[in-house]
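In our numbering, the protein residues as written are 156 to 640.
Virtual Cβ for every residue (Gly too), placed ideally from N, Cα, C.
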Amino acid sequence: MFVSRRVMLFLGLIALILLVLSLFSACSEKSNLAAQPQTTAPVAEQPGMVPDMEQTDTEQPDAKQPEQIGTKQIAPDPVDCDYFLEGGTIVDGSGDPPYPGNLAIKGEEIVALGDCRPAPGAKIIAVPGMIVAPGFIDIHTHTENYWAAKGDGLMILNQGITTHITGNCGTSVNDISGFLLLADHKAINVGILSGYKNLRRLFAADNKKVSPDILEKMKKRLNAQMTAGSFGLSLGLSYYPQNQAGFEELVSLAQVVKNKGGFLAVHIRDEYSGVLKAFEEIVNISNKSGVSLQYSHIKAAGPDNWNKMDELLAKLHQAQGSGTDISSDVYGYTWSSWDFGTKQESIAEENVIKALKDPLVMVASDSGLSAGGVAQHPRAYANNIRILAHYVRDQKELSLEEAIRKMTSLPAKRLNLEDRGLLAAGKKADIAVFSLDDLRENATRLDPNQICQGISYVFVNGGLSLDQGKLTGINSGRALRKPKQ
Ligand SMILES: [Zn+2]
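The structure is reproduced here in structure tokens:
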């Protein structure tokens, strides 16, 4: 009895202390809030410091509304713009849910987004209920011959794509700066990677070993190519002669890429039974050189290896979790270019879906186009639309905003393109407008060169490049060079 009363008294005392403490902390939170303008103002007044947006707001207590809420801009005054997309559904590329809003373009840039209205003189395009998204960025293509020739980009713009990165799987051009001159002012933005095969062939015959002397020459050339604007180095380690490249040689080349702030795009040594070991090799190259990795077209190819996909994705996350800067990409088909001439499907659809759902995996086509625009595989004409129509709309395997993130901000981040991949004021106006219900992927395995339907408008650097599905021919694309560090 006596003991329990002491216990009750003790508990009561504890409760009282807790009450006092909680009151005190609530007050201090309030007083912190109240004190905020006073604590931020002196910081802004320090010599040499530029006040940021938040501090500017606190210095103008009479401002009507905050100018920005997240990426949605609220501009009560009419916006001076060239184009005004009215009444759309904004999917901004970040992965955030869609929201209704307008979008204003002036020159090459987005100038307002959300609840805004145009100043007189703007061309107004009504897009009621249509998706307004950043133009898609395809980080893995083999289209250098197409863009170096007179590619008009009809099949590309009709997928909402505004940027191609070419020169993948170790096959690129020898003259990066020459290519970038040719690729400027095309239908879309075009960037390129250096190719391991090209570098090797500049200095050694296919059947020769890369000597230390030759390796030095390759490194020097790679360095020069990256200065010219190459985004990094691509490898196709399962192809001859690239499959002769040894670990130390690749680490050495990767260090050049790392020092220039680029990334290594790798088609790994074995995508079949040895896929897990081949994946470990590229992680080791990254660990030893510090290079950022783009693991190209993730797959566990061949029915005997389909059960390796879970472990492969787990290893991707392990690598990322232990500090390797790594991401991957996938295309939306169950057959690769190796399955042509057969009825074979070397990739399980279940695994395509697993890759598509993985947050580290972006969407990329692995598409090839001849100089004349002919493709073997339908992915060149339809990959992005297949993802949106088949996997998002019909099968509901992933959300629209996540699919669009994988086509926009995720590749932009790998490429360090800070001004693309998101809809926000100040970003380049690369924009795709479409209604999800209208999308049709027409290219098939037997008939791969069919144009998709359903993309209504595409802007490239603020230029209206596709108008109601038709080319305007303005060619406002830019050759993209790796941003300087
Ligand atoms: Zn490849």
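What are the boundary residues of the alpha helix (DSSP H) that residue i is part of?
i      : result
His422 : Counting along the chain, His422 falls outside any alpha helix (DSSP H), though it belongs to the beta strand (DSSP E) covering Phe418 to His422.
Lys364 : Unbroken run through Lys364: none, as it is neither H nor E.
Leu565 : Ser564 to Arg569
Phe495 : No alpha helix (DSSP H) contains Phe495, which DSSP labels as neither H nor E.
Gly333 : Ile331 to Leu337
Ser441 : Val430 to Ser444
Asn300 : Glu299 to Ala303
Ile508 : Glu504 to Lys512
Leu312 : Leu309 to Leu312
Tyr546 : Counting along the chain, Tyr546 falls outside any alpha helix (DSSP H), and DSSP gives it neither H nor E.
Asn344 : Asn344 -> not in any alpha helix (DSSP H); beta strand (DSSP E) instead, spanning Asn344 to Ile347.
Leu357 : Tyr351 to Phe358
Check each candidate in the options and name the one with the smallest Cα separation from residue i.
i      : options                           : result
Tyr450 : Lys443, Asn460, Ser444 and Val438 : Val438
Asp235 : Gly269, Ala274 and Gly248         : Ala274
Ser522 : Leu471, Glu557 and Pro603         : Pro603
Gly391 : Gly322, Gly618 and Gln499         : Gly322
Asp622 : Lys261, Gly276, Gly315 and His295 : Gly315
Pro638 : Leu468, Leu515 and Phe418         : Phe418
Asn616 : Glu263, Gly250 and Lys363         : Glu263
Leu467 : Tyr486, Glu435, Gly487 and Lys443 : Glu435
Pro533 : Ile311, Ile280 and Pro233         : Ile311
Ile280 : Gly243, Asp251 and Pro252         : Gly243
Val516 : Ala409, Lys568 and Gln399         : Lys568
Ser620 : Asp251, Asp293 and Asn313         : Asn313
Gly429 : Val421, Ser447, Phe402 and Ser393 : Ser393
Ser491 : Pro514, Gln531 and Leu309         : Gln531
Ile502 : Gly284, Leu309, Lys305 and Tyr427 : Tyr427
Leu570 : Leu370, Arg636, His472 and Gly496 : Arg636
Leu471 : Asn398, Ala409, Pro514 and Glu403 : Pro514
Lys305 : Leu524, Ile369, Asn398 and Asn353 : Leu524
Thr497 : Leu601, Arg376, Lys261 and Ser385 : Leu601
Gly401 : Ala433, Arg376 and Gly384         : Ala433
If you follow the beta strand (DSSP E) that residue i is part of, which residue opens it and which one closes it?
i      : result
Gly476 : Unbroken run through Gly476 is the alpha helix (DSSP H), Met464 to Gly476; no beta strand (DSSP E).
Ser483 : Ile481 to Val485
Leu621 : Gly618 to Asp622
Ala587 : Ile586 to Phe589
Ala537 : Here Ala537 belongs to no beta strand (DSSP E); instead the alpha helix (DSSP H) covers Arg534 to Arg541.
Leu572 : Taken as a continuous stretch (DSSP letters only), Leu572 belongs to no beta strand (DSSP E), as it is neither H nor E.
His319 : Ile316 to Thr321
Gln608 : Gln608 -> no beta strand (DSSP E), and no H or E assigned at all.
Gly242 : Tyr238 to Ile245
Ile629 : Taken as a continuous stretch (DSSP letters only), Ile629 belongs to no beta strand (DSSP E), as it is neither H nor E.
Ser447 : Ser447 to Tyr450
Can you list, in chain order, the residues of its chain with a C-beta nearer than 8 Å to that of residue i? Leave out the 5 residues immediately preceding and following it.
i      : result
Ala303 : Val328, Phe334, Leu337, Ala338 and Ala526
Gly628 : Asp307
Asn506 : Lys454, Ala455, Trp461 and Met464
Leu594 : Ile540, Leu543, Ala544, Arg548, Cys607, Gln608, Gly609 and Ile610
Lys509 : Met464, Asp465 and Leu468
Ala267 : Gln228, Ala230, Val234, Cys236, Asn257, Leu258, Ala259 and Ala580
Lys278 : Asp237, Tyr238 and Phe239
Tyr395 : Asp361
Pro255 : Gly242, Gly243, Thr244 and Ile245
Leu511 : Val485, Gly487, Val518, Ile542, Tyr546, Glu552, Leu553, Ala558 and Lys561
Glu404 : Val365 and Leu370
Between which residues of its own chain and residue i is the CB-CB distance below 7 Å, once the five residues before and five after are set aside?
i      : result
Glu299 : Thr321, Gly322, Ser327, Val328, Phe334 and Ile347
Gly248 : Ala288, Pro289, Ile559, Arg560, Thr563, Ser564, Gly576, Leu577 and Leu578
Lys372 : Phe358
Arg355 : Val365, Met373 and Pro396
Leu448 : Phe418, Leu419, Val421, Ile437, Ser441, Thr479, Asp480 and Ile481
Would you please state the rounded distance, in angstroms, between the beta carbons of residue i and residue j? I believe it to be under 8 Å.
i      : j      : result
Val345 : His319 : 5 Å
Ser441 : Thr489 : That pair is no contact at about 29 Å.
Asp494 : Ala519 : In fact, because the Cβ distance is near 18 Å, the residues do not count as touching under 8 Å.
Ile610 : Phe589 : 5 Å
Asn378 : Lys415 : 7 Å
Gly363 : Val406 : Note that residue 363 corresponds to Lys in the displayed sequence, not to Gly. At roughly 20 Å, the Cβ-Cβ gap does not stay under 8 Å, so Lys363 and Val406 are not in contact.
Tyr351 : Gly325 : 4 Å
Lys374 : Val421 : Between Val421 and Lys374 the Cβ distance is about 18 Å, and since that is not below 8 Å, they are no contact.
Glu556 : Asp232 : Incorrect: roughly 29 Å between the Cβ atoms, too far for contact.
Pro566 : Ile286 : Going by Cβ atoms, the distance from Pro566 to Ile286 rounds to 18 Å, so no, they are not a contact pair.
Tell me which residues share the same chain as residue i and place their Cβ nearer than 6 Å to its Cβ, disregarding the 5 neighbours each side in the sequence.
i      : result
His380 : According to the sequence displayed, residue 380 carries Gln and not His. Ile331 and Ser349.
Lys582 : Ile265 and Asp574
Glu504 : Thr489
His340 : Asn630
Ala598 : Pro533, Tyr536, Ala537 and Gln605
Glu222 : Confidence at Glu222 is low in this model, with a pLDDT of 48, below 50, so the placement of that residue is unreliable and no value is reported for it.
Gly632 : Lys341, Ala342, Ile343, Asn344 and Val615
His295 : Asn323, Ser451, Asp484, Ala519 and Asp521
Glu596 : Ala537, Ile540, Arg541, Ala544 and Cys607
Would you verify that the beta carbon of residue i is, or is not, closer than 8 Å to some beta carbon of chain D?
i      : result
Thr489 : In the structure shown, chain D does not exist; there is a single protein chain.
Worksheet item: If you scan the region 367–403 from start to end, which runs of the alpha helix (DSSP H) of 4 or more residues do you find wholly inside it?
Response: Taking only runs of at least 4 residues, the alpha helix (DSSP H) segments lying wholly in the region 367–403 are 367–382.
Discussion item. As an exercise, report each continuous alpha helix (DSSP H) stretch of at least 4 residues that is fully enclosed by the region 257–284, in chain order.
Written reply: Residue ranges of uninterrupted alpha helix (DSSP H) with 4 or more members are absent from the region 257–284; none lies entirely inside it.
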